[in-house]
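Encoded as structure tokens, the structure appears first; notes follow it.
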DNA sequence: AATTAGCACTCTCCTCATGAGAGTGCTAAA
DNA sequence: TTTAGCACTCTCATGAGGAGAGTGCTAATT
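Residue numbers (our numbering), protein chains in the order written: chain A, 1 to 343; chain B, 1 to 343.
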């Protein structure tokens, strides 16, 4: 069923009212506060139709209405008006970012900003590294046949891994190896996924030169077996969920808490919806995750030097101020992209 | 007032009973379950005295008794009997640790083990680095006057920091610098706190040799300005708090949640009680933190190669199985010390 | 002198009834 | 097509009443 203009207006009013009060919205309130020049009876009738079509629901027969997931979805896709951040807020965000010069701290600040600005939970997925250009590689001997490998990418991301080798390798040899690889890296842009192949190819030559390096093959293979898909998650503002009346019920709180506890679930959900559009909204049951059934997630992707790198997210009750969440998510992801690109 | 033997027995019984049932303990239950060969009236009288002396309290006049913080404290200091882990549990712990070869993963596994074994929240404070011997230092150019410094200590801890320099430094120079410092480090054991002084002293010589390196002084100063005191915190099992009936009330939940949200508060509390004894128990209001008023924290320190390095903790309701918590904390911290010393 | 039986008393918790209030659905009139 | 009017439904707060748990006190017993 196609919604007519009046139904859209009423749905918008219900969503707005419910978002601000967290109380079921009655026909009288709509008539009184939203000046639609309609009687409560008419509004009631329209609400009845909206309910029949699953945009609204009632907790019990004689209560006001609450938007359903479908209702929010329609609102988000068709009704909501973008809400830009105030210049003052933008300045404050930039100000806070200016305090940080380090990658790790920037990630933390981002999650804090998200939670403070939205009163919800702020999530940041650290950048994935695999499509970055490798800029420098260093091998540092830790003794006991263990070697620390540090990879630096052009985006300034640093990735480290300790690898085990079958025999002791002297510092001189490690240095030789680092220098050799770095000189190769300087010649052309190589990303991590094809670094290994290149190295193997190049190493053939050395191995024929110098038999002593014939264990390097295996060693490098292990080195590049880093699980790039598991990017780190930064969460902030868990306590904010307690501010929302919907989580006064212990059962609902339980769901969202287990989501917060298992950062991986949240990260996987965000990752699942990556691509296609920069900013996405996942409402309640749309995610199919029972833990998310009372929550919505607004995500926005950020990039480093133009390449997609990671995503940020805002997690809160389905009853959230979507226009504001979207504008915050978009502004923060833009700023984060800028900052990380400068690193 | 000195407690007599019978009062101690009754206090122990009340603590044990309350820990298992989470219900106020009546005199009848004690008489029935703990075979003290005393009538309920006698037990009631002793409980009355225990209450008068602040070891027990009643939620209301005609209910059973619950231990106070003071009651738990007395139990923990004088009454509880150590409870060693079963061989089977120990084997399982070792088995799980065997899966991890990496530092970061070991920290995570430790916090998971703590939370799974205790049904409470597991906390791990990463090792502090400042009294470690510096084994290797590497400078990696990131371009744009930024240099990544990686410090590896003898305990296998890795610490990285990006520093800004006033002018571009070529890779050759950085290499020269790394090699020079590393050769010095190899000569004797130097920890981070005195590394800087030594370097400055040694650098005097080079600077007189080679004027080009005269900006290195400032550069190193910045490099060693890392905030070593802020060690990372690993938390696991937040959701476990929901399993305890005491946190069914939203207000109490609020307190512990804010503790979980601000990992720093928790870390600071653990740090505050470090030293003196390996394992410590902080009960309820003893911490003076309002967020901790319904919680207890059992902490145990671990070491790396014999040097104190960090601590683990178990956070749960004051109504926790202290003997078991202590034995788990001690066993895990011992294992962690072993594993980290091998790295 | 210590212990215990007995009992009145207190407080919680559950259930049920009651009534006010909010908001609806329906119908007939405008 | 819209609206006024009204009966109806459901929630929520309040209070009464009774069962049950457990205590504190006292007098009797060991």
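From the three backbone atoms N, C-alpha and C, an ideal C-beta is built for every residue, glycine too.
Legend entry - Per DSSP, the bridge partner or partners of residue 58 of chain A: Per DSSP, none; premise fails for residue 58 of chain A.
Legend entry - Straight-line Cα distance separating residue 245 of chain B from residue 7 of chain A: 46 Å
Inset, instruction - For my contact list, residue 110 of chain A and residue 336 of chain A are in at a C-beta cut-off of 8 Å; report their separation, rounded to the angstrom. - result: 6 Å
Inset, instruction - Return the first residue and the last residue of the alpha helix (DSSP H) that residue 138 of chain B is part of. - result: Unbroken run through residue 138 of chain B is the beta strand (DSSP E), 134-143; no alpha helix (DSSP H).
Legend entry - residue 99 of chain B (DSSP reduced to helix, strand or coil): Shown here, residue 99 of chain B sits in coil according to DSSP, grouped into three states, outside any helix or strand.
Inset, instruction - Report yes or no: do three or more beta-carbon pairs, one from the stretch 24-35 of chain B and one from the stretch 73-81 of chain B, lie closer than 8 Å? - result: At 8 Å Cβ cutoff, the stretches do not touch.
Inset, instruction - Can you tell me which of the three DSSP states residue 215 of chain B falls into? - result: Caution is warranted here: a pLDDT of 45 is assigned to residue 215 of chain B, below 50, making its placement in the model unreliable, and no coordinate value can be reported.
Legend entry - Opposing strand residues paired with residue 300 of chain B [DSSP bridges]: For residue 300 of chain B, which the question treats as bridged, DSSP gives the partners B/279 and B/312.
Inset, instruction - Look up residue 251 of chain A in the DSSP assignment and give the residues it is bridged to. - result: DSSP lists no partner for residue 251 of chain A.
Inset, instruction - Figure out for me which residue from A/318, A/323, A/309 and A/320 has the closest Cα to the Cα of residue 107 of chain A. - result: A/309
Legend entry - CB contact flag (residue 174 of chain A, residue 139 of chain A, <7 Å): Their beta carbons are under 7 Å apart, which means residue 174 of chain A touches residue 139 of chain A by this criterion.
Legend entry - Proximity test, Cβ basis, 7 Å: residue 242 of chain A and chain B: yes
Inset, instruction - For residue 239 of chain B, return the contacting residues in chain A, with the cut-off set at a CB-CB distance below 7 Å. - result: 257, 258 and 261
Inset, instruction - Compute the Euclidean distance between the alpha carbons of residue 297 of chain B and residue 249 of chain A, then round it to the nearest angstrom. - result: Each residue's Cα considered, the two are about 27 Å apart.
Legend entry - Rounded separation between residue 84 of chain B and residue 12 of chain B - CA only: Approximately 19 Å, taken between the alpha carbons.
Inset, instruction - For residue 245 of chain B, name the three-state secondary structure that DSSP assigns. - result: In the three-state scheme derived from DSSP, where H, G and I count as helix and E and B as strand, residue 245 of chain B is classed as helix.
Inset, instruction - Evaluate the contact criterion for the stretch 270-288 of chain A versus the stretch 247-262 of chain A: three or more CB pairs, one atom per stretch, below 8 Å. - result: no
Inset, instruction - Report the partner residues of residue 237 of chain A according to the DSSP bridge assignment. - result: Its beta-bridge partners do not exist; DSSP assigns none.
Inset, instruction - State the DSSP-derived secondary structure class of residue 40 of chain A, mapped to helix, strand or coil. - result: Looking at residue 40 of chain A - three-state DSSP - the assignment turns out to be helix.
Legend entry - Assigned exposure category for residue 260 of chain A - 16 Cβ within 10 Å defines buried: buried
Legend entry - Under 9 Å by beta carbon: chain A residues contacting residue 102 of chain B: Going along chain A in sequence order, the residues near residue 102 of chain B (Cβ under 9 Å) are 161 and 162.
Legend entry - Neighbourhood of residue 291 of chain A by C-beta distance below 6 Å, restricted to the same chain and skipping five residues each side: Excluding residues within five positions, the ones whose Cβ falls inside 6 Å are 255, 258 and 259.
Inset, instruction - Buried or exposed for residue 160 of chain A, please, with buried defined as at least 16 other CB atoms from any protein chain shown within 10 angstroms of its CB. - result: buried
Inset, instruction - Give a yes or no on whether the minimum CB-CB distance between residue 96 of chain B and chain A is below 7 Å. - result: no
Legend entry - Span separating the alpha-carbon of residue 323 of chain B from that of residue 281 of chain B: 11 Å
Legend entry - Nearest to residue 71 of chain A (by Cα), restricted to the options A/268, A/15 and A/41: A/15
Legend entry - Pairwise C-alpha distance: residue 49 of chain A and residue 2 of chain A: Straight through space, the alpha carbons of residue 49 of chain A and residue 2 of chain A are spaced by roughly 11 Å.
Legend entry - Three-state class that DSSP yields for residue 112 of chain A in the structure shown: In the three-state reduction of the DSSP assignment, residue 112 of chain A falls in the helix class.
Inset, instruction - Can you check DSSP and say which residues form a bridge with residue 64 of chain A? - result: Paired residues: none, contrary to the question.
Inset, instruction - Report buried or exposed for residue 340 of chain B, applying the criterion of at least 16 other Cβ atoms within 10 angstroms of its Cβ. - result: buried
Inset, instruction - List the residues of chain A that residue 138 of chain B touches, going by C-beta distances under 8 Å, in chain order. - result: Result: 138, 140 and 150.
Legend entry - Beta-carbon proximity check, residue 149 of chain B vs residue 135 of chain B, cutoff 7 Å: no
Legend entry - Helix, strand or coil at residue 317 of chain A according to DSSP, with G and I counted as helix: In the three-state reduction of the DSSP assignment, residue 317 of chain A falls in the strand class.
Inset, instruction - Tell me whether the beta-carbon of residue 304 of chain B lies closer than 7 Å to the beta-carbon of residue 59 of chain B. - result: no
Legend entry - Beta-ladder partner(s) of residue 124 of chain B, from DSSP: B/234 and B/312
Inset, instruction - Classify residue 17 of chain B as buried or exposed, calling it buried when 16 or more other Cβ atoms lie within 10 Å of its own Cβ. - result: buried
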